[in-house]
């Protein structure tokens with residue numbers, strides 16, 4: 020749900036496409052940059068871009084539906100890999116549910132949540148559903 024995640028995801032998509040030995044199909048949730056990188060989106064990123072508790076509460080039915088929709092699409096597609104980019108309040112819920120319903124699908128976290136700054140228990144929880152974490156800051160692997 021964040022602009023930075025869309026930018027990082029688009030760069031990752033371009034890198035994957037450039038290095039893949041076969042065509043890469045991208046489907047999921049993303050903004051303008053990820054769509055430009057070839058992502059087929061399930062719904063507009065703006066549907067989950069919320070800030071602050073008041074906005075979250077007001078949009079809770081939509082957020083819950085978008086989590087369900089994302090999980091359902093991933094489980095049905097049985098992709099080679101699921102990449103969770105940033106937005107941990109959304110992506111971690113999606114990741115946990117995918118892990119439960121399709122445990123054979125590898126899940127990669129891209130952009131380590133800043134557990135070193137807040138919510139330190141999040142790293143432990145992530146270990147339960149993320150197979151690999153790609154960090155962008157050099158000290159983050161030691162934190163996880």
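Numbering (the numbering used here), first residue to last: 20 to 163. Ideal placement from N, C-alpha and C gives every residue a C-beta, glycine not left out.
Quiz item: So what does DSSP say about residue 143, is it helix, strand or coil?
Solution: Counting from 1 along the chain shown, the entry for residue 143 is found at position 124. Look at residue 143 here: in three-state DSSP terms it is helix.
Quiz item: Who pairs with residue 46 in a beta bridge, going by DSSP?
Solution: To locate residue 46, count along the chain shown from 1; it is residue 27. In DSSP, residue 46 forms a bridge with 59.
Quiz item: Touch check for the segment 37-47 and the segment 69-82: three-plus C-beta pairs under 8 Å?
Solution: no
Quiz item: Hey, is the segment 140-149 in contact with the segment 107-126, meaning 3+ C-beta pairs nearer than 8 Å?
Solution: Touching, yes, given that three or more Cβ pairs across the two stretches are closer than 8 Å.
Self-check item: Closest residue to residue 31 among 87, 129, 124 (Cα-Cα distance)
Solution: Counting from one through the chain shown, the residue named residue 31 turns up at place 12. Of the candidates 87, 129, 124, the one whose C-alpha sits nearest the C-alpha of residue 31 is 129.
Practice problem: Tell me whether residue 34 is buried or exposed, calling it buried when 16 or more other Cβ atoms sit within 10 Å of its Cβ. | Solution: For the purposes of this step, residue 34 is identified with residue 15 of the chain shown, where counting begins at 1. Looking at its Cβ environment, which holds fewer than 16 other Cβ atoms inside 10 Å, residue 34 is exposed.
Quiz item: Which residue's Cα is closest to the Cα of residue 102: 89, 81, 149, 127?
Solution: Within the chain shown, the letter at position 83 stands for residue 102. The option with the nearest alpha carbon to residue 102 is 127.
Quiz prompt | From 90, 60, 85, residue whose alpha carbon lies closest to that of residue 69 | solution = For the purposes of this step, residue 69 is identified with residue 50 of the chain shown, where counting begins at 1. For residue 69, the nearest C-alpha among the options comes from 85.
Quiz prompt | Buried versus exposed, by CB contacts within 10 Å (16 or more), residue 117 | solution = What you label residue 117 is simply residue 98 of the chain shown in a count that begins at 1. Per the 10 Å Cβ criterion, buried.
Quiz item: What's the C-alpha gap between residue 80 and residue 29?
Solution: Within the chain shown, residue 80 is the residue found at index 61, counting from 1. Within the chain shown, residue 29 is the residue found at index 10, counting from 1. Taking the straight line joining both Cα atoms gives about 28 Å.
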